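Residue numbers (the numbering used here): 707 to 1018.
Written out below as structure tokens is the structure these notes cover.
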């Protein structure tokens, strides 16, 4: 068995993607298209120094080759998170990317956004969706709901809503399958070495006929032996422990607030029922000809409380 660093860690994943050939291998498998060339794009959102975030972000400009041999440029926004509480930040990040003028192309008299694909590597499950990899793809339709193909692709239309690929890492499992299954097998958390989640164990011989996969395995093996990478993994463990403690505390606080709110609502309902009963009793006693002072004394309330009951 070979021990590799767990690529769910930000530092390991970053170390892995520093190899351009490996990046093309992973993105080609995800996109189901050949990535001919890929370049990491500079941005101010990559999770360096944490700054309270638990999302790792990295942007690529990729030239992809279609089945007909044509090539074109796309943007790939790759985002990875361990925690379900952080996924709402994805939309904030995408909004910033849409507003970035560097992500525009000029064509004729117009300027259009470069087509974008977002990739989400999630360290948690998404509800009851069982598929480990989910493709969310857009189409163009006419009024009657029929798919429109004539005139497409079009730079303006292509600059509109983006396609997405969602990878649920906890739902990955060792199995023979397609190219993507093989590439993502190095993320399979069932391969963890006992209680040590920083490393995974795999049989290198299962990749011996695949030069690209062997390159990934060897890169992750090197990461496992790198002292700086191991130190950064320890830092990540401490960081996420703090975040998880925070979330646990927030959940407990929210539960207490919900219980208090429910108790207040129940008390309010009981008070309303008591007032209704008092009003009914007051009405009956007035009909019986009793004075206000006598009614107040019989019911154990003050004349002012009686006045409020009868004025509502």
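All residues carry an ideal CB built from backbone N, CA and C; glycine is no exception.
These figures come from a predicted structure and were not determined experimentally.
Point to revise | Cβ-Cβ distance between residue 785 and residue 729 below 8 Å | key: no
Point to revise | With 16 other Cβ atoms within 10 Å as the buried cut-off, status of residue 965 | key: exposed
Review point. By Cβ distance below 7 Å, which residues in the same chain neighbour residue 867 in space, the five residues on each side in sequence not counted?
Key: 844
Check your understanding: Does the pairing of the segment 710–718 with the segment 833–851 give three or more beta-carbon distances under 8 Å?
Key -> no
Exercise for review: For residue 777, write down the residues that DSSP places opposite it in a beta bridge.
Suggested key: 771
**Study point:** Secondary structure of residue 745, DSSP reduced to three states
**Key:** strand
Practice item. Run the CB neighbour count on residue 731, radius 10 Å, all protein chains shown included, and call it buried at 16 or more, exposed below. Key: buried
Check your understanding: Quick one: what's got a C-beta closer than 7 Å to residue 913's C-beta in the same chain, skipping five residues either side?
Key -> 919, 920, 923
Check your understanding: Which partner residues does residue 930 have in the DSSP bridge list?
Key -> Answer is none; residue 930 lacks a bridge partner.
Check your understanding: From this set, 737, 707, 720, which residue's C-alpha is nearest residue 870's C-alpha?
Key -> 737
**Study point:** Within 8 Å, strictly: CB atoms of residue 1012 and residue 1002
**Key:** yes
Review point. Is DSSP giving residue 733 helix, strand or coil here?
Key: helix
Review point. Looking at C-alpha atoms only, which residue of 1006, 1000, 890, 993 is the closest neighbour of residue 722?
Key: 890
Practice item. Have a look at 970, 772, 826 and flag the residue whose alpha-carbon is nearest the alpha-carbon of residue 763. Key: 826
Review point. For the putative contact between residue 876 and residue 895, defined by C-beta atoms under 8 Å, what is the C-beta separation to the nearest angstrom?
Key: 6 Å
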